[in-house]
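Residue numbers (the UniProt record's numbering), protein chains in the order written: chain A, 1 to 293; chain B, 1 to 274; chain C, 1 to 196.
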């Protein structure tokens, strides 16, 4: 790591202590492969409970907080403000948005260094793609909207420590999309529909080679690489405008190889997003609107 | 007609002068008096459980979160039994539009440095207690203080979040193995709390020049007020012993300084009760 | 009062005339912001009723300068061709971030344009009220002060005192009695702003 004179430095290297040799709790891996259901007992199309609220950051035009499982995300929207001189291109074609996603140093098990992780850049780009179609930027000529996301917690503290800093991008992207769209709505930025994100894990049954899916995978489910008797092969994240029924962003990775199955998986995500939108997102917005009155 | 918001934007100096000339602050507070009612402590568990301990604090409208992560490192050869305590303050762009997503600016660095000086100079925590195995392994406590909403008076808020988080921190029992040269600990274990010797509380006062050139102090200035101040002073007081732990600032008349210190002590006592 | 959220279907596209806070996608009208729905009956027969969503929160959107909005800003710098302003207030709403605007020499006043000298109209630090005449170039909005009620509303003299306008093109310092040239706004607004 490059020397950073602008911050207070600690020792050159430090480590998370290794677990004790004698594990006090048995690892969940052997048991969960045997049982048919999911680790936390949810149905395959069931999403985890999601908590969302708005107006957390008073300085911002709009803000939102989303918590799902162990992931906690704060989003603040600033603007509309003038486009910075370096970014000026075609100023008559409406506004632009800029997305910035950052992980707090204490977000994961191992402390993050101050250098930006590649994952943060890729999160920002994917978020930008997913939000852009929903916004009516033609109404905001010559201005820019800044969307800042701070991830307070990226993984559940009780889950198995992964080797990488962030084991899976998709787990963070979905709540980021939901939070950002909620904050934009809170800032009264005009949009066609709020965007809701959802992820889905894809598994292959080792004996029949058939693919099957599970909505809203937890980190544990991906890390153990096995769930409900299947082997993890990939995952997909979808950003959806639920009322209009349009997909705004799709990230998919893994060895899936079946186009028909991909279509099915996306459809499942769309349905899950519609549920989240109806139950959580709309409620949060209406609540904040009524609190204001 | 000009509404107050417009007036404040166009003429901040004049706007504040008119309020302070009558001894009132724009947000309804009284000049030097410190109000503690704006202070809330959010239960740390609700916000975060991932690291050893963390705490969100709000000082007025400031929202600060301090996460303390404990990791293991090889100690400095000159001080083989001393652990590390590394406080860093960060103002991510989320906390205000004046902060840009770049390397920390001068302001961030100075706040960070101020917190570090309080921590370093006052022996808040006996770093010897962070020793796991002399010369081989010690604990490193990374205290990252992140602002989520910034509205002035950064030092007070940062110190408050830092102390609260430090007092809540619990470490696991660590075992050093000579054979492997590694440290092992049960991740779920939270049995050793830190021996926090002193509890620093900051109280910042802004010095404002009134029409006649007379100077007055006001406690806990907001960022809008900070913009029109001629200088400011931060008094750091130990919540346990009421001792003065340090002051930072410049250009303060002696009589005002006395008042500030008195108020800071009162405030420290009151905060401690929370 | 029911609150609608973005994406909520409000009606068919042929049913209403979609106004502020709504968006037409395909055959339907959807809400585009959080707020309450209001429909206004059209006054002329044969026209569609207007539907709009009134925001529940005071929006920042109205603080973006648009053509013909009245803005207030501070003069940053002047040169013989134009004065550059930092727009701080749009209408009666302060902007969160300042926009940049310029008053070109030909837009300072309506008459005797060829005799205008920028330095006799604006100086850096003056607070000026102006009207947006176009979205301008990539950086700045183009502003105009070619109306009686537009121009300098607040200025300080060389000695540092707030000056009083004595004519439409002169201001006097109350302490030193020095007279400086400005393109003054009709001075009604000044009296109000200084008494607050």
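Quick reminder that beta carbons are idealized off the backbone N, C-alpha and C, glycines included.
Name, in chain order, the residues that DSSP records as bridge partners for residue i.
i, result
"residue 89 (chain B)", "B:145"
"residue 99 (chain C)", "C:87"
"residue 205 (chain A)", "DSSP lists no partner for residue 205 (chain A)."
"residue 117 (chain C)", "Paired residues: none, contrary to the question."
"residue 39 (chain A)", "Beta-bridge pairing links residue 39 (chain A) to no other residue."
"residue 52 (chain C)", "C:38"
"residue 83 (chain A)", "Residue 83 (chain A) pairs with nothing; no bridge assigned."
"residue 175 (chain B)", "B:184"
"residue 197 (chain C)", "Here chain C comprises residues numbered 1 to 196, so residue 197 (chain C) is not present and cannot be evaluated."
"residue 28 (chain C)", "C:12 and C:25"
"residue 266 (chain B)", "Partner(s): none; residue 266 (chain B) has no beta bridge."
"residue 133 (chain B)", "B:137"
"residue 54 (chain A)", "A:64"
Helix, strand or coil: how does DSSP classify residue i here?
i, result
"residue 102 (chain B)", "coil"
"residue 39 (chain B)", "Its pLDDT being 42, under 50, residue 39 (chain B) is placed unreliably in this model, and the value from its coordinates should be taken loosely. Looking at residue 39 (chain B) - three-state DSSP - the assignment turns out to be strand."
"residue 140 (chain A)", "coil"
"residue 291 (chain A)", "helix"
"residue 261 (chain B)", "helix"
"residue 148 (chain C)", "coil"
"residue 301 (chain A)", "Examination of residue 301 (chain A) is not possible in this model, given that chain A is present from 1 through 293 alone."
"residue 11 (chain A)", "coil"
"residue 3 (chain A)", "Unreliable placement is indicated for residue 3 (chain A), whose pLDDT of 48 sits below 50; the coordinate value is still reported in the next sentence. Correct three-state label for residue 3 (chain A): coil."
"residue 114 (chain A)", "coil"
"residue 202 (chain B)", "strand"
"residue 15 (chain B)", "helix"
"residue 124 (chain B)", "coil"
"residue 176 (chain A)", "helix"
"residue 62 (chain B)", "strand"
"residue 182 (chain C)", "coil"
"residue 230 (chain B)", "coil"
"residue 192 (chain A)", "coil"
"residue 74 (chain B)", "coil"
"residue 160 (chain A)", "For residue 160 (chain A), the pLDDT reaches just 46, beneath the cut-off of 50, and the residue's location in the model is therefore unreliable, although a value from the coordinates is still provided. In the structure shown, residue 160 (chain A) sits in coil (DSSP, three-state: anything other than H, G, I, E or B)."
"residue 151 (chain B)", "coil"
"residue 48 (chain A)", "coil"
"residue 241 (chain A)", "strand"
"residue 3 (chain C)", "strand"
"residue 117 (chain B)", "helix"
"residue 18 (chain C)", "strand"
"residue 246 (chain A)", "strand"
"residue 286 (chain A)", "helix"
"residue 223 (chain B)", "helix"
With C-beta atoms as the reference, is residue i less than 7 Å away from residue j?
i, j, result
"residue 214 (chain A)", "residue 234 (chain A)", "no"
"residue 145 (chain B)", "residue 95 (chain B)", "no"
"residue 81 (chain B)", "residue 113 (chain B)", "no"
"residue 174 (chain A)", "residue 197 (chain A)", "yes"
"residue 241 (chain A)", "residue 195 (chain A)", "yes"
"residue 210 (chain C)", "residue 143 (chain A)", "In the structure as shown, chain C starts at 1 and stops at 196, and residue 210 (chain C) therefore has no counterpart that could be examined."
"residue 144 (chain C)", "residue 127 (chain C)", "no"
"residue 142 (chain B)", "residue 86 (chain B)", "yes"
"residue 203 (chain B)", "residue 267 (chain B)", "yes"
"residue 175 (chain B)", "residue 137 (chain B)", "no"
"residue 158 (chain B)", "residue 11 (chain A)", "no"
"residue 289 (chain A)", "residue 43 (chain C)", "no"
"residue 89 (chain C)", "residue 83 (chain C)", "no"
Could you give the C-beta distance for residue i and residue j, rounded to a whole number, given that I count them as a contact under 8 Å?
i, j, result
"residue 201 (chain B)", "residue 236 (chain B)", "7 Å"
"residue 130 (chain C)", "residue 172 (chain C)", "Actually they do not touch by this definition, with Cβ atoms about 23 Å apart."
"residue 32 (chain C)", "residue 252 (chain A)", "Between residue 252 (chain A) and residue 32 (chain C) the Cβ distance is about 30 Å, and since that is not below 8 Å, they are no contact."
"residue 78 (chain A)", "residue 146 (chain A)", "4 Å"
"residue 100 (chain A)", "residue 148 (chain A)", "5 Å"
"residue 54 (chain A)", "residue 285 (chain A)", "7 Å"
"residue 179 (chain A)", "residue 66 (chain A)", "4 Å"
Residues of the region 155-175 of chain C in Cβ contact with chain B at a cutoff of 8 Å, in chain order, please.
Residues: none.
Check each residue of the region 127-154 of chain A: if its Cβ is closer than 7 Å to any Cβ of chain C, include it; give the result in chain order.
Taken in chain order, the members of the region 127-154 of chain A whose beta-carbon sits within less than 7 Å of a beta-carbon on chain C are 136, 140, 141, 142 and 143.
In the UniProt domain "S1 motif" (68-147) of chain C, which residues sit with their C-beta less than 7 Å from some C-beta in chain B, listed in chain order?
Taken in chain order, the members of the UniProt domain "S1 motif" (68-147) of chain C whose beta-carbon sits within less than 7 Å of a beta-carbon on chain B are 72, 88, 89, 92, 94, 96, 97 and 127.
Can you give me, in chain order, the residues of the region 175-207 of chain A that have a beta carbon less than 8 Å from any beta carbon in chain C?
Here the close residues are 185, 186, 187, 188, 189, 190, 191, 192, 193 and 194.
Between the UniProt domain "Exoribonuclease phosphorolytic" (59-172) of chain B and chain C, which residues of the former have a C-beta closer than 8 Å to a C-beta of the latter?
Considering only beta carbons, the part of the UniProt domain "Exoribonuclease phosphorolytic" (59-172) of chain B lying closer than 8 Å to chain C consists of 97, in chain order.
With 8 Å as the limit, tell me which residues of the region 263-286 of chain A have their beta carbon closer than that to any beta carbon of chain C; keep them in chain order.
So the list reads 277, 281, 282, 285 and 286, given in the order they occur along the chain.
Any C-beta of chain A within less than 7 Å: which residues of the region 172-201 of chain B qualify?
For the region 172-201 of chain B, the set of positions with a beta-carbon nearer than 7 Å to some beta-carbon of chain A reads 174, 182, 183, 184, 185, 186 and 187 in chain order.
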